[in-house]
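Trainee: I have a structure I would like to understand better, so I am pasting it below and will then ask my questions one at a time.
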Amino acid sequence: MTKRTFVVSSAALLIGVSIVINSVAATSFDRANTLKEELRLNHVDGKKEEAIRLAAQLAQAPIDEPFIQATLQDELRGLDAKVTEASMDKAIKFITGRKRELYCADQGLVEMTAEHNDGSSSRLVLIRSNRKMKAGSYALIEDGDWAFELSNSYRRPSISELWMLDATPSSFHVKEVRNRANGNPDTGEFISSWTNHRQSTNFGSQSEGHEPLPVHMAADYQLWGNSDMGFKINFQPGYKDTQEDHVTGPAKDFHLKSERIVGELVPKVTIKDSAGTARDYRNCYPVKYQISLKQLVDRQLEVDGKMSQDAILKVIKKNRKPIRACYNKALRTVPNLRGTITVKWDIWGGSTMNVRSSGRSLYGDGAFAARNEMNECILESVRSWKFPVTPDNEVTHVSYPFSFEL
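Printed below as a string of structure tokens:
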């Protein structure tokens, strides 16, 4: 399975809320009406920029009323969650979609075009090759170096130098370097090996870009939905197979499924790069991919049993408001309270059992009673949760960290 690391964060939202924006009048009437309008906009579908702006204005105004303070803090966290969900949705759409690769005899991959589900597109073009291919092969690179031009909706065309450090028919080790204008190069290293039943993959890079995820390098795009780099493809018209991949984030794993099919042989093809330079190739096979999200897994959730993570996460998400209410109540006593409470529980017959706190890392000024009350409030909420009943009605053990930030 493929392991890639990326970060999807809404920290910029909270930074934006904390900066000085045009102040509002300091009367209770103005503050109350501003809050009312912010609340209304927060519950309107679509963009939240105006709600964020009003929330930021309120954050800059002197607010003495505890109710408005608590409500504003709750709203800011709610906005943050919505922006995070929107960013996650964009990330999912970016890493799913369709792509087409063109492999030519004794040349390997010469072009890749992709249409992502977020509406963006990507393209790779081979502009230089000193690759040593296995005789008669369309994909098996034994040694050598080459250069790809990468272009997409998020970046101008850029050129990467790649070389094969080691390769067998069932493994590869590729390194990539791309120069940047500031003199600091982007670098990536891509290692994979497999047997008939298992594939081990380690892809990593240090790079910059504007893509929704750090899929920045040329090899990232070739290996998207194609973690064997085409080595396992049987280049015969109509050949089909399925690849599985997963992208690792700070809290979630995005498990991808890729279905690919080999098209009819193309006797001759001409490929042009972004500068218009044309290159001719002969005896090429197109390979089409359909890449979809198979499963979204929360890596913070630990499950031991037959109930799926998806089923458990639906219940956790459904009960997010009562958990946040426990935190908001504690904030009135400890305004700078933050941290994590890890809760363990068992699920049997659709009900929760043996609910307990297995770890608590809360930070804030004093008021230990408020922290204990918050902990008990969360445990009491979890005790009331109802889950689906598994067919065999076996016990499922669960551990989940509830994190709270200002």
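According to this note's numbering, numbering within the sequence shown proceeds without interruption in unit steps and concludes at 436.
Just so you know, even glycine gets a beta-carbon here, dropped at the ideal spot from N, CA and C.
Note down, in chain order, each residue of its chain lying with its Cβ closer than 6 angstroms to the Cβ of glycine 46, except the 5 sequence neighbours on either side.
Mentor: Here residue 46 is taken as the residue at index 16 of the sequence shown, counted from 1. In this prediction, glycine 46 scores a pLDDT of 34, lower than 50, which makes its location untrustworthy; no coordinate-derived value is stated.
Trainee: In its own chain, which residues sit with a C-beta less than 6 angstroms from the C-beta of serine 151, not counting the 5 before and 5 after it?
Mentor: The residue you call residue 151 lines up with position 121 of the sequence shown. Within the same chain, serine 151 has close Cβ partners Glu145, Ser183.
Trainee: Can you grab the Cα-Cα spacing for the pair lysine 416 / isoleucine 301, in whole Å?
Mentor: Against the sequence shown, residue 416 aligns to sequence position 386. Against the sequence shown, residue 301 aligns to sequence position 271. Cα to Cα, the separation comes out at about 58 angstroms.
Trainee: Please name the residue, chosen from Arg128, Val155, Val412, that lies closest to threonine 307 on a Cα-to-Cα basis.
Mentor: By one-based count along the sequence shown, residue 307 stands at place 277. With distances taken between Cα atoms, threonine 307 lies closest to Val155.
Trainee: Quick one: grab the DSSP three-state call for lysine 347.
Mentor: Here the question's residue 347 lines up with position 317 in the sequence shown. Here lysine 347 sits in helix by DSSP.
Trainee: Establish whether the CB of proline 421 and some CB of chain C are separated by less than 8 angstroms.
Mentor: Of the protein chains in the structure, only one exists, and it is not chain C.
Trainee: Quick one: grab the DSSP three-state call for asparagine 366.
Mentor: Position 336 of the sequence shown holds residue 366. Asparagine 366: coil per DSSP, three-state reduction.
Trainee: List the whole-angstrom C-beta distance separating alanine 400 from threonine 363, where the pair is believed to meet the contact cut-off of C-beta under 8 angstroms.
Mentor: Translated into positions along the sequence shown, residue 400 becomes position 370. Translated into positions along the sequence shown, residue 363 becomes position 333. Right, the Cβ-Cβ distance comes to about 4 angstroms (below 8 angstroms), so this counts as a contact.
Trainee: With DSSP as the reference, label glutamate 438 as helix, strand or coil.
Mentor: Residue 438 lies beyond the stretch modelled for the chain, which goes from 31 to 436, so this question has no answer here.
Trainee: Whose C-alpha, out of Glu191, Gly127, Arg186, Thr143, is nearest the C-alpha of isoleucine 157?
Mentor: Residue mapping note: residue 157 aligns to position 127 of the sequence shown, counting from 1. For isoleucine 157, the nearest C-alpha among the options comes from Glu191.
Trainee: Would you say isoleucine 291 and cysteine 356 are within 8 angstroms of each other, going by their C-beta atoms?
Mentor: Numbered from 1 along the sequence shown, position 261 holds the residue referred to as residue 291. Numbered from 1 along the sequence shown, position 326 holds the residue referred to as residue 356. No, the Cβ-Cβ distance between isoleucine 291 and cysteine 356 is not below 8 angstroms.
Trainee: Buried or exposed for tyrosine 298, going by 16 or more other Cβ atoms inside 10 Å?
Mentor: Mapped onto the sequence shown, residue 298 falls at position 268. The identity of residue 298 in the sequence shown is lysine, whereas the question assumes tyrosine. Under this definition lysine 298 is an exposed residue.
Trainee: Determine which residues share a DSSP beta bridge with tryptophan 224 and list them.
Mentor: Counting from one through the sequence shown, the residue named residue 224 turns up at place 194. DSSP, once it has assigned bridges, lists Gln229 as partnering tryptophan 224.
Trainee: Shortest alpha-carbon distance to serine 304 belongs to which of Arg153, His246, Arg354, Tyr311?
Mentor: Residue numbering aside, residue 304 sits at position 274 when the sequence shown is read from its first letter. Nearest option by C-alpha distance: Arg153.
Trainee: What number of angstroms, rounded off, separates the C-alpha of lysine 347 from the C-alpha of serine 223?
Mentor: Numbered from 1 along the sequence shown, position 317 holds the residue referred to as residue 347. Numbered from 1 along the sequence shown, position 193 holds the residue referred to as residue 223. Rounded to whole angstroms, lysine 347 to serine 223 spans 38 angstroms at the Cα level.
Trainee: Indicate the three-state DSSP secondary structure (helix, strand or coil) for leucine 43 in the structure shown.
Mentor: Stepping through the sequence shown from its first residue, residue 43 is reached at position 13. Note on leucine 43: pLDDT 34, under 50, position unreliable in the model; the coordinate value appears next. DSSP places leucine 43 in helix when its eight states are reduced to three.
Trainee: For the pair the stretch 239-254 and the stretch 202-214, tell me if three or more CB-CB distances fall below 8 angstroms.
Mentor: Cβ pair count under 8 angstroms is three or more, so yes.
Trainee: Per DSSP, what kind of secondary structure is glutamine 252 in: helix, strand or coil?
Mentor: Here residue 252 corresponds to residue number 222 of the sequence shown, with the count starting at 1. Correct three-state label for glutamine 252: helix.
Trainee: By the DSSP assignment, the beta strand (DSSP E) with isoleucine 301 in it spans what residues?
Mentor: Within the sequence shown, residue 301 is the residue found at index 271, counting from 1. Taken as a continuous stretch (DSSP letters only), the beta strand (DSSP E) holding isoleucine 301 covers 296-302.
Trainee: Would you kindly work out how many angstroms separate the C-alpha atoms of glutamate 274 and proline 365, rounded to a whole number?
Mentor: For the purposes of this step, residue 274 is taken as the residue at position 244 of the sequence shown. For the purposes of this step, residue 365 is taken as the residue at position 335 of the sequence shown. Going from the Cα of glutamate 274 to the Cα of proline 365 covers about 46 angstroms.
Trainee: Would the beta-carbon of leucine 331 fall within 8 angstroms of that of phenylalanine 284?
Mentor: Numbered from 1 along the sequence shown, position 301 holds the residue referred to as residue 331. Numbered from 1 along the sequence shown, position 254 holds the residue referred to as residue 284. Against a cut-off of 8 angstroms, the Cβ pair of phenylalanine 284 and leucine 331 comes out as no contact.
Trainee: Go ahead and label leucine 170 buried or exposed: buried means 16 or more other beta carbons lie within 10 angstroms of its beta carbon, across all protein chains shown.
Mentor: To locate residue 170, count along the sequence shown from 1; it is residue 140. So leucine 170 ends up on the buried side.
Trainee: Less than 8 angstroms between the C-beta atoms of threonine 217 and glutamine 236, yes or no?
Mentor: Here residue 217 corresponds to residue number 187 of the sequence shown, with the count starting at 1. Here residue 236 corresponds to residue number 206 of the sequence shown, with the count starting at 1. Closer than 8 angstroms, so yes.
Trainee: Here's a check: name, in chain order, each residue in its chain whose Cβ is nearer than 6 angstroms to the Cβ of leucine 392, leaving out the five neighbours to either side.
Mentor: To locate residue 392, count along the sequence shown from 1; it is residue 362. Same-chain partners within the cutoff: Gly369, Arg401.
Trainee: From this set, Pro199, Glu238, Ser200, Ser322, which residue's C-alpha is nearest proline 215's C-alpha?
Mentor: What you label residue 215 is simply residue 185 of the sequence shown in a count that begins at 1. Cα-wise, what sits closest to proline 215 is Glu238.
Trainee: Alpha carbons only, please: which of Phe124, Asp173, Leu132, Arg128 is nearest the one belonging to cysteine 314?
Mentor: Counting from one through the sequence shown, the residue named residue 314 turns up at place 284. Out of Phe124, Asp173, Leu132, Arg128, Leu132 has the C-alpha closest to the C-alpha of cysteine 314.
Trainee: Kindly list the residues whose CB is nearer than 7 angstroms to the CB of glycine 255, restricted to its own chain and excluding five residues on each side of it in sequence; keep chain order.
Mentor: Residue numbering aside, residue 255 sits at position 225 when the sequence shown is read from its first letter. Excluding sequence neighbours, glycine 255 sits near Lys129, Gln273, Asp275, Leu286, Ser288, Tyr319, Ile321.
Trainee: Quick one: what's got a C-beta closer than 6 angstroms to serine 159's C-beta in the same chain, skipping five residues either side?
Mentor: For this step, residue 159 is matched to residue 129 along the sequence shown. Excluding residues within five positions, the ones whose Cβ falls inside 6 angstroms are Trp176.
Trainee: To the nearest whole angstrom, what separates the beta carbons of valine 428 and tryptophan 375, a pair I think is in contact under 8 angstroms?
Mentor: To locate residue 428, count along the sequence shown from 1; it is residue 398. To locate residue 375, count along the sequence shown from 1; it is residue 345. That belief holds up - the Cβ atoms of valine 428 and tryptophan 375 are roughly 5 angstroms apart, short of 8 angstroms.
Trainee: Compare the beta carbon distance of lysine 344 and glutamate 424 with 8 angstroms and say whether it is the shorter of the two.
Mentor: In the sequence shown, counting from the first residue as 1, residue 344 sits at position 314. In the sequence shown, counting from the first residue as 1, residue 424 sits at position 394. No, the pair does not count as a contact, with Cβ atoms beyond the cut-off.
Trainee: Decide if serine 188 is buried, meaning its Cβ has at least 16 other Cβ atoms within 10 Å, or exposed.
Mentor: For the purposes of this step, residue 188 is taken as residue 158 along the sequence shown, with counting starting at 1. By the neighbour-count rule (16 or more Cβ atoms within 10 Å), serine 188 is buried.
Trainee: Note down the Cα distance separating asparagine 499 from phenylalanine 261, rounded to an integer number of angstroms.
Mentor: No answer is possible for residue 499: the residues shown for the chain start at 31 and end at 436.
Trainee: Mapping the DSSP letters down to three states, classify aspartate 119 as helix, strand or coil.
Mentor: The count along the sequence shown starts at 1 and reaches residue 119 at position 89. Looking at aspartate 119 - three-state DSSP - the assignment turns out to be helix.
Trainee: From valine 317 to valine 412, what distance separates their C-alpha atoms?
Mentor: As a working mapping, residue 317 is identified with position 287 in the sequence shown. As a working mapping, residue 412 is identified with position 382 in the sequence shown. Between valine 317 and valine 412, the C-alpha separation is close to 49 angstroms.
Trainee: With a cut-off of 8 angstroms on the beta carbons, I'd call phenylalanine 432 and isoleucine 377 a contact; round off their distance for me.
Mentor: Counting from 1 along the sequence shown, the entry for residue 432 is found at position 402. Counting from 1 along the sequence shown, the entry for residue 377 is found at position 347. That belief does not hold up - the Cβ atoms of phenylalanine 432 and isoleucine 377 are roughly 17 angstroms apart, past 8 angstroms.
Trainee: Glycine 234: which of Leu323, Val204, Ile125 sits nearest, CA to CA?
Mentor: Mapped onto the sequence shown, residue 234 falls at position 204. If we check each option's Cα against that of glycine 234, Val204 comes out closest.
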